[in-house]
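Asks: Numbering (this note's numbering), first residue to last: 53 to 295.
Even glycine gets a Cβ: it sits at the ideal position worked out from N, Cα and C.
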């Protein structure tokens, strides 16, 4: 065992360090976790940088990472007052060719909110609102913790199948998987998901699995809703109960 490695756990925004280079775990009151993994180091990379983030709930483990970003965690990733959402920061950077033939490294910080019930990345943005924090006692991102100043209504950006405006064929696998987490197949969007499965070949398998899961749950629900009377004898007057 390498005794130089230590474990770091972050529970509801409070870090307890038992080491370096090990994963960082943020736990919600509902028992779900977001784990920062694959420690990154090197030129132009922030300290406390991680290449992967995973959402864990029960036996479910989902990779929420973007290939073109790394993730930072220095205590700034905060769970909302109810524990239902987590705000995190990611960095996208690359070298840009200059007019004189040299290359300059530039990067941009993004802020995302993760639904701690499903792993849905509800919103992903950059700019001034990245400095906003959770309002005291509310699941609201505000310019000021006391509620004064501007607010950012992140829930309005939650991906919805029926509100997609881009061609279905243009969706990458990351966006499709996130859409499935944010707005799972149901009786209102099933037709659009069937169109997505036909028009977007790279996501066909993942979408078809979720459609089948929805249909199986629907079948179970219909079976339970169909109450069958039980009788203690052949007489209609001896009906005992419904199941």
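Just the Cα atoms here: how many angstroms apart are residue 266 and residue 234?
Replies: 14 Å
Asks: Can you give me the Cβ contacts of residue 209 inside the same chain, cut-off strictly under 7 Å, excluding the 5 residues immediately before and after it?
Replies: 174, 175
Asks: For residue 182, I'd like the list of residues in its chain whose CB is within less than 8 Å of its CB, leaving aside the five on either flank, ordered along the chain.
Replies: 141, 161, 162, 163
Asks: If I follow the unbroken beta strand (DSSP E) through residue 137, where does it start and stop?
Replies: 137-149
Asks: Given a cut-off of 8 Å on the beta-carbon distance, is the pair residue 89 and residue 104 in contact?
Replies: yes
Asks: So who's on the other strand from residue 108, going by DSSP bridges?
Replies: 85, 113
Asks: So, residue 229 versus residue 252, is the Cβ gap smaller than 8 Å?
Replies: Not closer than 8 Å, so no.
Asks: Name, in chain order, the residues that DSSP records as bridge partners for residue 210.
Replies: BP columns for residue 210 are empty, so no partner.
Asks: Below 8 Å on the Cβ atoms is my guess for residue 159 versus residue 144; work out the distance and round it to an integer in Å.
Replies: Residue 159 to residue 144, Cβ: 6 Å. Contact.
Asks: Whole angstroms is fine: what's the gap from residue 215's alpha carbon to residue 119's?
Replies: 25 Å
Asks: By Cβ distance below 8 Å, which residues in the same chain neighbour residue 263 in space, the five residues on each side in sequence not counted?
Replies: So the list reads 237, 242, 245, 246, 249, once near-sequence residues are dropped.
Asks: Just to confirm my understanding: we take residue 122, look at its own chain, exclude 5 residues before and 5 after, and list those with CB closer than 6 Å. What are they?
Replies: 92, 101, 103, 143
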